[in-house]
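J.:
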Amino acid sequence: DGGITQSPKYLFRKEGQNVTLSCEQNLNHDAMYWYRQDPGQGLRLIYYSQIVNDFQKGDIAEGYSVSREKKESFPLTVTSAQKNPTAFYLCASSVPGQGIGQPQHFGDGTRLSIL
Amino acid sequence: GEDVEQSLFLSVREGDSSVINCTYTDSSSTYLYWYKQEPGAGLQLLTYIFSNMDMKQDQRLTVLLNKKDKHLSLRIADTQTGDSAIYFCAERRGNTPLVFGKGTRLSVIA
Chain A
179 DGGITQSPKY LFRKEGQNVT LSCEQNLNHD AMYWYRQDPG QGLRLIYYSQ
229 IVNDFQKGDI AEGYSVSREK KESFPLTVTS AQKNPTAFYL CASSVPGQGI
279 GQPQHFGDGT RLSIL
Chain B
10 GEDVEQSLFL SVREGDSSVI NCTYTDSSST YLYWYKQEPG AGLQLLTYIF
60 SNMDMKQDQR LTVLLNKKDK HLSLRIADTQ TGDSAIYFCA ERRGNTPLVF
110 GKGTRLSVIA
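Chains as they are written, first to last, in the numbering used here: chain A, 179 to 293; chain B, 10 to 119.
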């Protein structure tokens, strides 16, 4: 089945550590996205990538980094500079462009907590 | 950017209709979407509507679009306990990532 796989489902981070969240898709989508979800705040865009080897900052990129070396993969690193990393992280992908109302498809999320 | 607005909570009785409202911001938005999120899960696309349409119906779901007022609504007929979730409205502004509202938490009372 085609879809987006996020791993792990739960992740714990110690103070001062960097952690990397995995996102893999087999939908052959060019565009991929990372969102952060906090209670009552909806989804906030961290980074997105419309093509391999290219990515753009979203609304809350500070303290995060990404890479896009392969079409299928868009890992997100939460660095020690992110002072409030506890949240639910969602990865999404889509075919870029508006031609047929390209929706974004989502993974099941990773919940990150601070120890 | 400007926010997509939704009320945060809605409570309905099982069997009644639910109407979830959304106000979007960009009159040139081409597509508007409704997503559903169940606890601990990602977002599931429910339906979308193109901006040149007024209404779209898909089984128990009806989407109404008022372009003049930039108002979008999702009606769920015969609401069931399984419809309890958070519902997100989203708009597409050009060739950019979707802009989401904060979500409406629907509670269905048996």
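Every residue, glycine too, gets a C-beta built ideally from N, C-alpha and C.
List, in chain order, every chain B residue whose beta-carbon is nearer than 8 Å to that of residue 220 of chain A.
T.: Near residue 220 of chain A (Cβ distances below 8 Å), the residues of chain B are 97, 109, 110, 111, 112.
J.: Could you tell me which residues DSSP puts in a beta bridge with residue 235 of chain A?
T.: Note: residue 235 of chain A sits in a beta bridge opposite A:225.
J.: Using 8 Å for Cβ pairs, my map puts residue 30 of chain B next to residue 16 of chain B. What's the rounded Cβ distance?
T.: With a Cβ gap of about 6 Å, residue 30 of chain B and residue 16 of chain B count as contacting.
J.: Taking the straight line between their C-alpha atoms, what separation do you get for residue 36 of chain B and residue 190 of chain A?
T.: Those two C-alpha atoms are separated by around 42 Å.
J.: For a contact meaning CB atoms closer than 8 Å, what does residue 216 of chain A contact in chain B?
T.: Neighbours of residue 216 of chain A on chain B: none; closest Cβ ~10 Å, over 8 Å.
J.: Could you check if residue 28 of chain B is buried or exposed, using at least 16 other CB atoms within 10 Å of its CB as the buried criterion?
T.: When all chains shown are included, residue 28 of chain B counts as exposed.
J.: I need the DSSP call for residue 90 of chain B, collapsed to helix, strand or coil.
T.: Here residue 90 of chain B sits in helix by DSSP.
J.: Within the 8 Å Cβ cut-off, does residue 137 of chain A reach chain B?
T.: Residue coverage of chain A in this structure runs from 179 to 293, which leaves residue 137 of chain A outside it and unanswerable.
J.: With a threshold of 8 Å between beta carbons, is residue 91 of chain B in contact with chain A?
T.: It does not; no Cβ of chain A falls within 8 Å.
J.: Might you give, ordered along the chain, the residues of its own chain that have their beta carbon closer than 6 Å to the beta carbon of residue 47 of chain B, omitting 5 neighbours on each side?
T.: Here the set comprises 94.
J.: Give me the chain A residues within the contact set of residue 51 of chain B, using Cβ-Cβ distance strictly less than 9 Å, ordered along the chain.
T.: 182, 184, 268, 269, 270, 283, 284, 285, 286, 287, listed in chain order.
J.: Against chain B, with Cβ distances strictly below 8 Å, would residue 223 of chain A count as a contact?
T.: Yes, contact with chain B.
J.: Output the boundary residues of the beta strand (DSSP E) element that contains residue 45 of chain B.
T.: Looking at the DSSP string, the run of the beta strand (DSSP E) that includes residue 45 of chain B is 40-46.
J.: Name the DSSP beta bridge partners of residue 207 of chain A, please?
T.: The partner list for residue 207 of chain A (beta bridge, DSSP) is empty, contrary to what the question assumes.
J.: Would you list the one or two residues that DSSP bridges to residue 125 of chain B?
T.: There is no way to answer for residue 125 of chain B, as the model of chain B reaches only from 10 to 119.
J.: Quickly, what does DSSP pair residue 215 of chain A with across the bridge? List them, please.
T.: In the DSSP output, where bridge partners are listed per residue, residue 215 of chain A has A:221, A:266.
J.: Can you list, in chain order, the residues of its chain whose CB lies under 8 Å from that of residue 23 of chain B, leaving out five sequence neighbours each side?
T.: 88, 89, 90, 117, 118, 119.
J.: Please work out which residues of its chain come closer than 6 Å, Cβ to Cβ, to residue 86 of chain B, disregarding the five sequence neighbours upstream and downstream, and give them in chain order.
T.: Here the set comprises 26, 69.
J.: Taking DSSP as the reference, what is the three-state secondary structure of residue 183 of chain A?
T.: Residue 183 of chain A falls in the strand class under three-state DSSP.
J.: Please report the straight-line C-alpha distance between residue 114 of chain B and residue 49 of chain B, rounded to a whole angstrom.
T.: Roughly 14 Å between the two C-alpha positions.
J.: Note down the Cα distance separating residue 72 of chain B from residue 247 of chain A, rounded to an integer number of angstroms.
T.: Roughly 39 Å separates the two Cα atoms.
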